[in-house]
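Step one of this worksheet: look at the structure below.
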Amino acid sequence: EIVTNQPVIDKNREKSHITDWVEFKLTNGDIRSIVDPKLKEDYDANGAWKVVELALACVNPSSSRRPTMPHVVMELNECLSFELVRKQGSEDMFPRYSIEFSTSSASDFAPRAR
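Plus 6 on top of the position in the sequence shown (first one is 1) and you've got our numbering.
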């Protein structure tokens, strides 16, 4: 949903479920047909491919074939680095930032005992 700016289910699409739609679009080999057109191709294509492939892996029907959250975080960090390098190369007027996501073994969102 985030990459495409499309709803999960859209009865007006040839493939109504977003996963089926993305897989169908990928057969053309053109990431631009999947990424939100509002981005006007202002993104790193390699990073976009990696994010889409990762998203598809995360919805694999077989839970044992889905990536772990640490793996997802690592892959997203790599995608972010592609984009940061691209932006730094084209827009030297902006400060260079380093952004990193992490996972911890203790979740801030876990239920707490009362």
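For every residue, glycine included, the Cβ atom is placed at its ideal position computed from N, Cα and C.
1. For Gly53, count the other beta carbons within 10 Å of its own beta carbon; 16 or more makes it buried, fewer makes it exposed. Which is it?
2. Taking the alpha-carbon positions, what's the Met75 to Val41 distance?
3. Between the Cα of Asp50 and the Cα atoms of Glu59, Val91, Ser39, which residue gives the shortest distance?
4. In the DSSP output, what is Ile15 paired with across the bridge?
5. Please classify Ile37 as buried or exposed, where buried requires at least 16 neighbouring CB atoms within 10 angstroms.
6. Using the beta-carbon count (16 or more within 10 Å), is Ile8 buried or exposed?
7. For the alpha helix (DSSP H) containing Val57, name the first residue and the last one.
8. My guess is that Glu20 and Leu62 are in contact by the Cβ rule of under 8 Å, so how many angstroms apart are they, rounded?
9. Expressed to the nearest angstrom, what Euclidean distance is found between the alpha-carbon atoms of Thr25 and Leu32?
10. Helix, strand or coil for Asn34, going by three-state DSSP, please let me know.
11. Apart from the five residues just before and just after Lys46, which ones in its own chain have a Cβ nearer than 7 Å to its Cβ?
For this structure:
1. Under the 10 Å beta carbon count, Gly53 is surrounded by 16 or more other beta carbons and is classified as buried.
2. Taking the straight line from one Cα to the other gives about 23 Å.
3. Scanning Glu59, Val91, Ser39 for the CA closest to the CA of Asp50 turns up Val91.
4. DSSP, once it has assigned bridges, lists His23 as partnering Ile15.
5. Residue burial annotation: Ile37 is buried, with at least 16 other C-beta atoms found within 10 angstroms of its C-beta.
6. So Ile8 ends up on the exposed side.
7. For Val57, the enclosing alpha helix (DSSP H) has its first and last residue at 51-64.
8. No, Glu20 and Leu62 are not in contact; Cβ-Cβ is about 18 Å, not under 8 Å.
9. Roughly 11 Å between the two C-alpha positions.
10. Looking at Asn34 - three-state DSSP - the assignment turns out to be coil, as it is neither helix nor strand.
11. Cβ contact annotation for Lys46 (same chain, cutoff 7 Å, sequence separation greater than five): none.
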